[in-house]
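As structure tokens, the structure follows; a few thoughts come after it.
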Amino acid sequence: MTKLYFLLSLQKKIMKKILLTSLFTIFYFFSFSQMYVQYDIEPEVEKIKNAHILAWKKVGYVEGYRIQLIALSGSKSKNSVQEVYNEFTKLFPEIPAYLSYSEPNFRVRVGNFNNKIDAYRNLLKIHSYFPGAFITKDKISYREI
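Read in order, the letters of the sequence shown correspond to residues 637 to 781 in this note's numbering.
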């Protein structure tokens with residue numbers, strides 16, 4: 637009786653191993669067959685996507701944020717602002733800088749930020765060199781974002 641019981645338990649263990657191995661094999665083949673999925677995109681969806689891209693290319697400016705370093709008016713203000721602009725571009729070449737004139741001030745604004753959080757992160761880096769810098773809303777070219 638014990639021999640028979642031993643043989644039956646051995647047979648159950650072997651059957652479990654075969655069943656588990658076959659299940660893992662089936663799972664393996666199904667998981668890799670899903671890797672190569674090809675989507676058929678309707679032509680209308682492509683037209684909408686292209687229209688969306690074209691519409692955003694026509695948009696000249698969007699609301700965004702920049703960091704203003706300095707704004708001066710009066711005699712020799714242009715030279716002073718130019719010096720700040722040159723100093724900034726040497727210290728932070730990765731951040732775009734803009735020198736502009738809005739009557740009666742020459743000013744330097746830097747960055748092209750979508751949101752205030754990005755502007756604030758950069759302000760923290762800039763603040764040690766330009767303590768009077770602050771974040772301001774500005775029109776930013778869509779292509780520069």
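Note that CB positions come from ideal geometry on N, CA and C, so glycine has one too.
| query | result |
| --- | --- |
| To which residues does DSSP link Gly700 through a beta bridge? | Asp774 |
| Grouping DSSP H, G and I as helix and E and B as strand, with all else coil, what is Asn751? | coil |
| At what residues does the beta strand (DSSP E) containing Ser764 begin and finish? | Per DSSP, Ser764 belongs to no beta strand (DSSP E) and is neither H nor E. |
| Taking the DSSP output, what are the residues bridged to Tyr734? | Arg745 |
| Less than 8 Å between the beta carbons of Val720 and Val744, yes or no? | yes |
| Among residues of its own chain, excluding the 5 on either side of Leu708, which ones have a beta-carbon nearer than 7 Å to its beta-carbon? | Ser716, Val717, Asn741 and Phe742 |
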